Amino acid sequence: MSLSSLANDPELQKFVAAKELENQLTTQVHHLTNICFDKCVESSGSLSDLSAKQTTCLQNCVERFLDCTMLITNRTVQRIQQGR
Amino acid sequence: MSLDTQKLDVNQRQQIMTSVQQQLAIQNAQELLQKLSDKCFKACIQKPGSTLSSSEQKCISQCSDRYMDAWNIVSRAYAERIKRESNRH
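First to last, the sequence lines map onto chains A and B.
Under numbering that gives the first Met the number 0, the first sequence has 25 at position 26, and the numbering climbs by one with no breaks.
Under numbering that gives the first Met the number 0, the second sequence has 61 at position 62, and the numbering climbs by one with no breaks.
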C-alpha cells in the first residue's frame, strides 16, 4: 500500500475530510466546555447536580463566546482592510 | 494485496477508516480525561494530603459527572448555533 494509493482514493479522501471537520468541532466543544465550566459551574460552588441556572448559564456562555469571537474577527478584518 | 498498487481494495480502505476512527476516539478520550483531571483536581483538592480523603473522592466523582453534563450541554448549544448560522447565510 503506497502513499499515492491513499491519496488517489476519492472515497477515503471524503472520509478523512469529514473526520477532520468532526474533529475540529469536537476540539471546539472541549475548548468551550473548558471555559464555560469555570464560569458557570465551578465558580458557583455546588457540584451535586446542575441547576437550571447553571444550565442556562452554560448555554448563554457558548452563545456569547461565539458572538465575541465573531465580533473580534469582524473588527480585525475591517482593520486590516482599512490598512490600519 | 492486488498487483495494481495505485488502487486500494475494499478491505484496505475499510481498515484505514477504522484505524482513523479509533485514533480520533482515543484522542478525544485523552483530551476529556486531561480536562477532567485539571478541573476536578483544582476544584476538589485544596491541600494535597497523604491520601485522597473520602470527601475528596466524593467531590471528584461529582465534579467529573458535572463536567460531562456541561460537555453535553455545551455540545448541544454549539451544534444549534452552527445550524442557526448556516441557515442565516
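Glycine included, every Cβ here is placed at the ideal spot set by N, Cα and C.
No experiment lies behind these values; they were computed from the predicted model shown.
Item checked: C-beta contact flag for Q58 (chain A) and S43 (chain A) at 8 Å -> Taking the first residue of the first sequence as position 1, residue 58 (chain A) is located at position 59. Taking the first residue of the first sequence as position 1, residue 43 (chain A) is located at position 44. It is not a contact, given that the beta carbons lie outside the stated cut-off.
Notebook entry, point to check: How far does the alpha helix (DSSP H) with M10 (chain A) in it reach, from first residue to last?
Noted result: The residue you call residue 10 (chain A) lines up with position 11 of the first sequence. Reading the sequence as shown, one finds Glu at residue 10 (chain A) and not Met. Element bounds for E10 (chain A): P9 to C39.
Notebook entry, point to check: Are the stretch 29–44 of chain B and the stretch 54–69 of chain B touching, with three or more C-beta to C-beta distances below 8 Å?
Noted result: yes
Notebook entry, point to check: Using DSSP with H/G/I as helix, E/B as strand and the rest coil, what is E79 (chain B)?
Noted result: Residue 79 (chain B) sits at position 80 when you count from the first residue of the second sequence. If DSSP states are grouped into helix, strand and coil, E79 (chain B) belongs with the helices.
Margin query: Which residues in chain B have a C-beta closer than 8 Å to the C-beta of V61 (chain A)? List them in chain order.
Written below: Taking the first residue of the first sequence as position 1, residue 61 (chain A) is located at position 62. In chain order: V73, A76, Y77 and R80.
Check: Helix or strand or just coil, what does DSSP make of K91 (chain B)?
Finding: The requested residue 91 (chain B) is not part of the displayed model; chain B covers only 0 to 88.
Note to self: Can you tell me whether I79 (chain A) is helix, strand or coil according to DSSP?
What the structure shows: On the first sequence, residue 79 (chain A) is found 80 positions in, with the first residue counted as 1. The answer is helix: DSSP assigns I79 (chain A) an H, G or I state.
Next item on the list: Could you work out which residue in A:D66, A:K38, A:T32 and A:E10 is closest to E84 (chain B) when comparing CA atoms only?
Entry: Translated into the one-based positions of the second sequence, residue 84 (chain B) becomes position 85. Of the candidates A:D66, A:K38, A:T32 and A:E10, the one whose C-alpha sits nearest the C-alpha of E84 (chain B) is A:D66.
Notebook entry, point to check: Going by the beta-carbon positions, is the gap between E55 (chain B) and I44 (chain B) smaller than 8 Å?
Noted result: Your numbering for residue 55 (chain B) matches position 56 in the second sequence. Your numbering for residue 44 (chain B) matches position 45 in the second sequence. Yes, they are a contact pair.
Checklist line | Proximity below 8 Å, CB of E62 (chain A) to CB of A76 (chain B) | finding: Against the first sequence, residue 62 (chain A) aligns to sequence position 63. Against the second sequence, residue 76 (chain B) aligns to sequence position 77. Yes, these two residues count as a Cβ contact at 8 Å.
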